[in-house]
Structures are given as C-alpha cells and as structure tokens.
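Presented below is the structure to which this report refers.
Residue numbers (the working numbering): 1001 to 1274.
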C-alpha cells in the first residue's frame, strides 16, 4: 500500500461544503467520484480541514491509500479529467509505505496524515468594502458597504495572538475536542476597495475565521472599541460577539507540513484586486 497526497483547489460557491453528504453535492463527493472513475476502484480520502458551503480552497491537502501503480502526474491529469471546472488537483505526491494495523487502520504517527501531520493552517478572507456591491465578486468576496478603518482593526488583533481559548468565536455545533488554539499571525491589508485578512494558526474552530472577521468589521466600523476582541476572548461567551460573517470571501490558503514529507506545496495567494 502507498499513501498518496494531493493538493486540491476549488471554488466552493457551487458546493455544499467539503465533507461528503448523502445528497452528493460536496467537494469530497466529486473528488472521490473522479478518483474512482480514474482508478476503477472506490477510494476514500482524508482532508487537512473541512470547509463549509461557499468556502473556497487554494491549498487543500488530502490523502488516500492505494496499491495501484501510477506516476504522480498521472494522478493529477487522470483525476482532473473527471472533475468539474470548479475543482482541480494541482499536484500529487507518493509517500512512504503505510503500516497496517488490523484490517484497515494506519498509524498517523508513523506515516503522513493530511490532518494530523499539519503544523499550521492559513486562511484568507477577501472583503469588498464599497458603498455598492460588485456583481462580478459575488461568491468570491465578502461585502460590507460601511467604510472600514483598517488601522482600528489592526490594533484590535493583538490580544488574539498566542495560545488562547477561542470559545467566543466558536460555532455552537463545533466538534473540536478543545477550544484552545495557537494563533500565530493575523495581518490586514487594504488594496483600494479590497481588504485582505490573513490568519495563520495551529488549527481553527468551526466558523472561527468568519466569526473573527465579523467582530473585526464591527471594530472597523467604529461600533466597538479596539479592546473589544480581547474582552470577548477573555469572556469566552459566543453570544456577546458579532454574528457569523458570510462565507463568500473565505479561502483555505495553505496547509503547512514538515519539510521531511517533501510535498510540492505552492504558496498561493489570492489577488486583492480584480
């Protein structure tokens, strides 16, 4: 058996999230269907991080196990031949032989694992800030019509950096074992009418990025003080924070792994202007 890692991009506007669902309208559904058509055998996949409906990915990573003999470029071209235009495999990498324990179990400590081997995740949120919405950005960027003060939003993120309990920014249905995450970096850039939020952390809770962006927008509009996010973080009460912001501008940008795996990872970045 071999473990194959894939780098995957997708436009999430057409799909009901990443994770497989009975209705079959998810990225994982389409990816596994394409793999099956190419490999002529049903193969399950594991991703680095599940994304919600409407959320995009520039650097999603998945893995699967197979005994088929295929060159990496063959996996890329073969799977892409059966994928819709809004989903694409960017690269493939064959990793060392997996170690079997029982009928179908593998030791993630001994082998690469798309989720458990990840060292950090980076998300972009692209926001269009203008008095009038832009139809060409529908589904590709968030939108708010009230002017935003980027300096205020930058001042508000300092308390978030480091290891904290992010319960105040956690969805009620979040299944993570702990709300404690290590926030490594948050940057906010304005490029004309576009604002680009970049957040890098050890991992993220369900809706965490969209909840943080929603809170930062309140600060940028002057509705809340620059100390507000720190107060929310300390209070750990989701009901006191801003509503979950729209998914349209959220991009899973990059999954960082140890260099020992030799993954041909790109460092994709969405253009802040169109």
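Even glycine gets a Cβ: it sits at the ideal position worked out from N, Cα and C. From a predicted model like this one, the values you see are computed outputs, not experimental measurements.
Who are the Cβ neighbours of residue 1139 in its own chain at under 8 Å, not counting the five residues just before and after it?
Translated into positions along the chain shown, residue 1139 becomes position 139. Correct list, in chain order: 1011, 1013, 1054, 1248.
For the region 1161-1176 and the region 1226-1233, state whether three or more C-beta atom pairs, one from each stretch, are separated by less than 8 Å.
yes
Helix, strand or coil for residue 1043 per DSSP?
Along the chain shown, read from residue 1 onward, the residue named residue 1043 stands at position 43. Here residue 1043 sits in coil by DSSP.
If you draw a straight line from the C-alpha of residue 1007 to the C-alpha of residue 1074, how long is it?
Walking along the chain shown from the start, residue 1007 turns up at place 7. Walking along the chain shown from the start, residue 1074 turns up at place 74. When rounded, the distance between both Cα atoms is 14 Å.
From 1172, 1144, 1195, residue whose alpha carbon lies closest to that of residue 1151
Within the chain shown, the letter at position 151 stands for residue 1151. Per the Cα distances, 1195.
Contact under 8 Å by Cβ, residue 1206 with residue 1176
In the chain shown, the residue the question calls residue 1206 occupies position 206. In the chain shown, the residue the question calls residue 1176 occupies position 176. The answer is yes: Cβ separation under 8 Å.
Beta-carbon gap between residue 1255 and residue 1050 smaller than 8 Å
Counted from its first residue, the chain shown places residue 1255 at position 255. Counted from its first residue, the chain shown places residue 1050 at position 50. No, these two residues do not count as a Cβ contact at 8 Å.
Extent of the continuous beta strand (DSSP E) run through residue 1231:
Position 231 of the chain shown, counting from 1, holds the residue named residue 1231. From DSSP, residue 1231 is part of no beta strand (DSSP E) but of the alpha helix (DSSP H) over 1228-1235.
Please list the segments of the alpha helix (DSSP H) lying wholly inside the region 1057-1135, counting only runs of 4 or more residues, in order along the chain.
1072-1080
Can you give the Cα-Cα distance for residue 1062 and residue 1115, rounded to whole angstroms?
Your numbering for residue 1062 matches position 62 in the chain shown. Your numbering for residue 1115 matches position 115 in the chain shown. Whole-angstrom Cα-Cα distance: 8 Å.
Is it buried or exposed for residue 1003, if we count other Cβ within 10 angstroms and need 16 for buried?
Against the chain shown, residue 1003 aligns to sequence position 3. Burial call: buried.
Only counting the same chain, and skipping five residues up and downstream in sequence, which positions put a Cβ closer than 8 Å to that of residue 1016?
What you label residue 1016 is simply residue 16 of the chain shown in a count that begins at 1. Cβ within range, chain order: 1023, 1025, 1026, 1053.
Can you name, in chain order, every residue of its own chain whose Cβ lies under 8 Å from the Cβ of residue 1029, other than the five neighbours on each side?
For the purposes of this step, residue 1029 is taken as residue 29 along the chain shown, with counting starting at 1. Once the five neighbours on either side are set aside, the close Cβ partners of residue 1029 are 1020, 1021.
Decide if residue 1239 is buried, meaning its Cβ has at least 16 other Cβ atoms within 10 Å, or exposed.
In the chain shown, counting from the first residue as 1, residue 1239 sits at position 239. It counts as exposed.
Which residues does DSSP list as the beta-bridge partners of residue 1191?
Your numbering for residue 1191 matches position 191 in the chain shown. For residue 1191, which the question treats as bridged, DSSP gives the partners 1194.
Measuring straight from C-alpha to C-alpha, what distance separates residue 1187 and residue 1161?
Your numbering for residue 1187 matches position 187 in the chain shown. Your numbering for residue 1161 matches position 161 in the chain shown. Near 11 Å, if we compare the C-alpha coordinates of residue 1161 and residue 1187.
Start and end residues, alpha helix (DSSP H) containing residue 1253
Numbered from its first residue, the chain shown carries residue 1253 at position 253. Careful: residue 1253 lies outside any alpha helix (DSSP H), inside the beta strand (DSSP E) at 1250-1256.
Nearest to residue 1174 (by Cα), restricted to the options 1088, 1251, 1147, 1209
As a working mapping, residue 1174 is identified with position 174 in the chain shown. Comparing Cα positions, the closest option is 1209.
Helix, strand or coil for residue 1055 per DSSP?
If you number the chain shown from 1, residue 1055 lands on position 55. Coil, per DSSP.
When you compare the CB positions of residue 1072 and residue 1094, do they come within less than 8 Å of one another, or not?
Position 72 of the chain shown, counting from 1, holds the residue named residue 1072. Position 94 of the chain shown, counting from 1, holds the residue named residue 1094. Cβ atoms of residue 1072 and residue 1094: closer than 8 Å.
Determine the DSSP secondary structure at residue 1013, reduced to helix, strand or coil.
As a working note, residue 1013 is residue 13 in the chain shown. Helix, per DSSP.
Taking the beta strand (DSSP E) that residue 1262 falls in, what are its first and last residues?
Locating residue 1262 in the chain shown gives position 262, counting from the first residue. No beta strand (DSSP E) holds residue 1262; DSSP gives it neither H nor E.
Between residue 1090 and residue 1266, which are expected to be in contact by the criterion C-beta below 8 Å, what is the C-beta distance as a whole number of angstroms?
Position 90 of the chain shown, counted from the start, is the residue given in the question as residue 1090. Position 266 of the chain shown, counted from the start, is the residue given in the question as residue 1266. Contact holds; Cβ gap of about 7 Å.
DSSP on residue 1244, reduced to helix/strand/coil?
In the chain shown, the residue the question calls residue 1244 occupies position 244. Here residue 1244 sits in coil by DSSP.
Only counting the same chain, and skipping five residues up and downstream in sequence, which positions put a Cβ closer than 6 Å to that of residue 1078?
Here the question's residue 1078 lines up with position 78 in the chain shown. Closer than 6 Å at the Cβ level, and outside the excluded window around residue 1078, lie 1038.
Three-state secondary structure (DSSP) of residue 1170
Stepping through the chain shown from its first residue, residue 1170 is reached at position 170. If DSSP states are grouped into helix, strand and coil, residue 1170 belongs with coil.
Once DSSP output is grouped into helix, strand and coil, what is the label at residue 1273?
Your numbering for residue 1273 matches position 273 in the chain shown. Confidence at residue 1273 is low in this model, with a pLDDT of 46, below 50, so the placement of that residue should be treated as unreliable; the coordinate-derived value is given next. Residue 1273 falls in the coil class under three-state DSSP.
DSSP on residue 1176, reduced to helix/strand/coil?
Looking up residue 1176 in the chain shown gives position 176. Here residue 1176 sits in coil by DSSP.
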